[in-house]
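Student: Residue numbers (the numbering used here): 346 to 597. First the structure, which I've put down as structure tokens, then a few questions once you've had a look.
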């Protein structure tokens with residue numbers, strides 16, 4: 346049975362073709378030995394167009410990988426409905442032009458334990474250390490915080506055990522907001538590393554968040570007493586995310 350992977354993500358023109366799906370496509374292909382296609386919710390190629398392409402290529406088993414931080418409306422409902430399935434469907438069959446294929450869905454990446462390793466790699470790259478750096482994990486925020494709280498708490502708890510002064514901040518809907526969190530951490534008298542826990546570059550990470558951190562075009566700024574604030578790249582853009590995607594596929 347010919348098997349291939351579809352990476353599914355939101356899609357935004359602001360990524361200019363440099364999004365997490367594009368970044369992780371080749372690494373995931375190398376890790377799995379399978380062909381990797383991309384389908385977007387709000388860009389081309391759409392999920393439907395990619396499905397048609399895969400089936401025309403003779404793919405009989407499609408491993409659908411929702412490239413989202415956490416389980417939720419997008420991964421559990423919107424993505425499933427784009428395939429013609431009910432919310433939270435684990436697997437099913439689809440038909441195109443007289444051909445059928447099995448579709449199986451993996452979990453998301455931000456709630457996998459290996460996300461902690463990726464966060465630590467970001468810290469290492471930015472030369473962060475508990476004795477000299479405070480950490481801010483910036484999340485999108487949701488009107489239903491109970492749906493993501495355990496995942497956020499797990500990340501912050503892990504960093505705290507590593508000795509970091511770490512807090513979660515939110516771009517919208519929840520508190521503390523980015524402005525308040527930045528102010529609190531700057532008062533701690535250390536460098537500040539802000540890590541956007543987003544999948545790809547987009548309006549929130551490129552336009553909304555930087556001004557809240559006091560940034561104007563640069564990714565770093567002085568915050569007094571020889572300390573600096575550094576704004577890392579979106580976590581989904583880290584090359585090690587492909588290892589989490591591979592781990593999710595291995596769970597099937």
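Ideal Cβ positions, reconstructed from N, Cα and C, are used throughout, including at glycine.
1. Provide the residue(s) that pair with residue 537 in DSSP beta bridges, ordered along the chain.
2. Using beta-carbon positions only, say whether residue 547 and residue 357 come within less than 8 Å of one another.
3. So residue 594 and residue 392 are in contact, right, with Cβ under 8 Å, and what is the actual spacing, rounded?
4. Please go through the segment 388 to 426 and give each complete beta strand (DSSP E) segment of 3 or more residues, from N-terminal end onward.
5. Between residue 373 and residue 381, which are expected to be in contact by the criterion C-beta below 8 Å, what is the C-beta distance as a whole number of angstroms?
6. Could you tell me the alpha carbon to alpha carbon distance between residue 385 and residue 403, rounded to whole angstroms?
7. So, residue 486 versus residue 517, is the Cβ gap smaller than 8 Å?
8. Report the option in 390, 448, 577 whose CA atom is closest to the CA atom of residue 482.
9. Using the DSSP secondary-structure output, state which residues sit across from residue 381 in a beta bridge.
10. Could you tell me which uninterrupted alpha helix (DSSP H) segments, each at least 4 residues in length, are contained entirely in the segment 464 to 514, listed from first to last along the chain?
11. Can you tell me whether residue 456 is helix, strand or coil according to DSSP?
12. Straight-line CA distance for residue 584 to residue 348?
13. In three-state DSSP terms, what is residue 446?
14. Do the segment 523 to 539 and the segment 554 to 570 make contact, defined as three or more Cβ pairs closer than 8 Å?
15. In terms of DSSP beta bridges, what is residue 567 paired with?
16. Count the other CB atoms, across all protein chains shown, that sit within 10 Å of the CB of residue 369; report buried if there are 16 or more and exposed otherwise.
17. Between the beta-carbon of residue 599 and the beta-carbon of residue 352, is there less than 8 Å?
18. Got a sec, what are the start and stop residues for the beta strand (DSSP E) residue 545 sits in?
19. With residue 439 and residue 412 assumed to form a contact (beta carbons below 8 Å), what rounded beta-carbon distance in angstroms separates them?
20. Check the DSSP bridge columns for residue 439 and list the partner residues they point to.
Tutor: For this structure:
1. 479, 574
2. yes
3. Contact doesn't hold; Cβ gap of about 18 Å is too wide.
4. 406 to 411
5. 5 Å
6. 21 Å
7. yes
8. 577
9. 350
10. 494 to 506
11. coil
12. 23 Å
13. strand
14. yes
15. 573
16. buried
17. With the chain covering only 346 through 597, there is no way to say anything about residue 599.
18. Here residue 545 belongs to no beta strand (DSSP E), and DSSP marks it neither H nor E.
19. So it is not a contact: roughly 20 Å between Cβ atoms.
20. 446
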